[in-house]
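Enquirer: Dropping a structure here in structure tokens format, bear with me for questions.
Numbering (our numbering), first residue to last: 1 to 133.
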């Protein structure tokens with residue numbers, strides 16, 4: 001196909017945008033996972049617990065339960081990694097305080113329990129309770 005001078009081919013537009021230093025649209029997308037599906041899809045005990053959480057906290061579907069479990073798992077993993085560092089390590093002090101401050105601000109953790117040890121004791125029900133408030 002022959003393209004008129006006024007109307008550029010789409011690939012020519014992308015090349016000119018790249019030449020100007022503008023990022024491609026695919027760079028602006030968020031590629032992270034927000035929920036993790038369970039390994040065993042029909043485990044009765046887990047299904048019952050998920051249905052109880054959905055009913056208790058008014059969640060829309062199972063994906064919302066899985067999303068809260070994944071975010072809580074990431075928070076607990078960060079706390080575990082920080083607890084392996086020494087008490088006076090600058091990384092533990094800085095990132096630990098940031099993590100605790102964020103959890104207190106979200107209302108997941110009480111200010112009196114603002115320590116990394118208490119972060120490991122958090123359960124998905126606590127996080128799901130804050131999801132809809």
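Using N, Cα and C, we set each Cβ at its ideal position, and we do this for glycine too. These numbers were taken from a predicted model, which means no experiment stands behind them.
How big is the Cα-Cα spacing for residue 114 and residue 71?
Expert: Straight across, the Cα-Cα distance linking residue 114 with residue 71 is about 18 Å.
Enquirer: Using a Cβ-Cβ cutoff of less than 7 Å, which residues in the same chain neighbour residue 66 once the five nearest sequence positions on both sides are dropped?
Expert: 35, 36 and 37
Enquirer: As a quick exercise: from 86, 41 and 120, pick the residue whose alpha carbon is nearest that of residue 100.
Expert: 120
Enquirer: Measure the C-alpha to C-alpha separation of residue 51 and residue 27 and round it to an integer number of angstroms.
Expert: 37 Å
Enquirer: Quick check: the Cα distance between residue 79 and residue 30, rounded to an integer number of angstroms?
Expert: 24 Å
Enquirer: Taking residue 32 as the reference, give the member of 74, 96, 88 and 84 with the closest Cα.
Expert: 74
Enquirer: How far does the alpha helix (DSSP H) with residue 137 in it extend, from its first residue to its last?
Expert: Since the displayed the chain opens at 1 and closes at 133, residue 137 lies outside it and no answer follows.
Enquirer: Short of 8 Å in beta carbon distance, which residues of its chain neighbour residue 46, apart from the five on each side in sequence? Order them along the chain.
Expert: 38 and 40
Enquirer: Ignore the nearest five residues each way along the sequence and tell me which others in residue 61's own chain have a CB closer than 7 Å to its CB.
Expert: none
Enquirer: Once DSSP output is grouped into helix, strand and coil, what is the label at residue 113?
Expert: helix
Enquirer: Using only alpha-carbon positions, find the residue among 54, 91 and 97 that is nearest to residue 111.
Expert: 97
Enquirer: Within its chain, find whatever has a CB closer than 8 Å to the CB of residue 91; leave out the 5 residues flanking it on each side and keep chain order.
Expert: 82 and 85
Enquirer: Under the rule that 16 or more other beta-carbon atoms within 10 Å means buried, what is residue 56, buried or exposed?
Expert: exposed
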